[in-house]
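Read the sequence shown against my numbering and you will find it ends at 304, with the numbers running on by one and no gaps. Even glycine gets a Cβ: it sits at the ideal position worked out from N, Cα and C.
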Amino acid sequence: MYDCETCSRCFNSWYACRQHMNDTGHWGVRYECETCDDQFLTQWEVEEHMDDYGHHAPKIPCETCGRKFYNQRSADQHMNAMDHWAPTWPCETCTQKFHTEGAAEQHMRAKSHYKNYCHPCNRHFDNANNLKMHLNSKIHRGQDVLCPFCNAAFTTATGAAHHLETGSCKRAVGLNRETIYKFVRSRDTQGVITRKLLEWNEDDNIQYKANSRAYNGAYWECYLCHREFNRLTALNQHLNSPVHKQKLYHCPNAKCKKQFITIAALFNHLESESCAFMRFEKVQRQVQDVFRGQRAIAF
6 MYDCETCSRC FNSWYACRQH MNDTGHWGVR YECETCDDQF LTQWEVEEHM DDYGHHAPKI
66 PCETCGRKFY NQRSADQHMN AMDHWAPTWP CETCTQKFHT EGAAEQHMRA KSHYKNYCHP
126 CNRHFDNANN LKMHLNSKIH RGQDVLCPFC NAAFTTATGA AHHLETGSCK RAVGLNRETI
186 YKFVRSRDTQ GVITRKLLEW NEDDNIQYKA NSRAYNGAYW ECYLCHREFN RLTALNQHLN
246 SPVHKQKLYH CPNAKCKKQF ITIAALFNHL ESESCAFMRF EKVQRQVQDV FRGQRAIAF
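Here is the structure:
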């Protein structure tokens, strides 16, 4: 008896069975040898056949010409001999790839295809942040931010604020970090950028001077943070810097929780656009309003 490969019918002859499967499309699945024309009813049978006769087809392709090989070693030998390795160094902008890093660099330099690239200066930067810092430097920005008192020119609002907070402005005698805070706080009635402090030390601008007891036998040590310095003058500079003073300001972005000791640090944070609250250009426009404006502070 001859069984149909799909349904349950049986036939007395192979001819009748074959005619039935031809008429009804009841031939079962055939597994073909990868090399010869032999066919098999199961995957196991075809695998056994190809193992016995070495009929497995080559499967490892050349990266360039499409030839296939039985193993990776043969493919590698071919690609080495024929220089058929595919290019692997990509351009940072377009879809082209190159065989060497030098060729990719040459292409990107010729086409200005660097991802982080300053076209006017013909300079390439390692990352987007370095490029942004370069574009916001005085090379491109000039010095358009003026001190509202002495008209000294600065590239950024941070520079102008630092100039005032350190008491460097000769036309703003008595202006420093503490007096600036009191002035800004008086206009920032809604606490947009200033913190509402439970205690405010009027003598926060006192100058401190370490004595011999700060020497621990090897270094001059800060008693607050235990940072060590090679020289007493360096320790005194540290003690009189804003490092250990109260944080007076906060980012105006409600989603950003960062606080700052100086308004210069606040401006620097905003200029970096790290919290995406405002663009660099807007920060520069705000500096005049913060220090000399009459209306309430708003960002």
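For the options F74, M87, K116, M84, the alpha carbon positioned closest to that of C96 is the one of K116. Just so you know, the alpha carbons of L244 and A269 end up roughly 19 Å apart. As the crow flies, the alpha-carbon of H31 is around 11 Å from that of S13. For F154 and L169, the gap between their C-alpha atoms comes out near 9 Å.
Counting only runs that start and end inside the region 115 to 175, the alpha helix (DSSP H) elements of at least 4 residues fall at 133 to 140, 143 to 146, 162 to 170. A straight-line Cα-Cα distance of about 15 Å links A177 and V295. With a beta-carbon spacing of about 13 Å, A86 and E68 fall beyond the 8 Å limit used to define contacts.
Here C99 is exposed, its C-beta having fewer than 16 other C-beta atoms within 10 Å. Rounded to whole angstroms, the separation of the alpha carbons of A239 and N221 is 15 Å. One Cα belongs to M84, the other to G71, and the distance between them is close to 11 Å.
The Cβ-Cβ distance between N141 and F265 does not fall below 8 Å.
Beta-bridge pairing by DSSP links C15 to D8. Look at W49 here: in three-state DSSP terms it is helix. Cα atoms of S277 and K73: separation of roughly 53 Å, rounded to the nearest angstrom. If the five residues before and after C22 are omitted, its C-beta is found closer than 6 Å to the C-beta atoms of Y7, F16, all from its own chain and listed in chain order.
Its chain contains Q44, F45, L46 as the residues whose beta carbon lies nearer than 8 Å to that of R35, once the 5 sequence neighbours on both sides are disregarded; these appear in chain order. Here H112 is near H118, since their CB atoms are less than 8 Å apart.
A buried status is given to L271, since no fewer than 16 other beta-carbon atoms sit within 10 Å of its beta-carbon. Scanning its chain for C-beta atoms nearer than 7 Å, with the 5 sequence neighbours on each side dropped, one finds no residue around H231.
As a beta-bridge residue in DSSP terms, Q44 pairs with E37. It is roughly 11 Å from the alpha-carbon of E10 to the alpha-carbon of N27. In the three-state DSSP reduction, E97 falls in the coil class, being neither helix nor strand. The C-alpha of P63 is placed about 10 Å away from the C-alpha of S79. The beta-carbon separation of N258 and C280, rounded to 5 Å, stays under the 8 Å limit for a contact.
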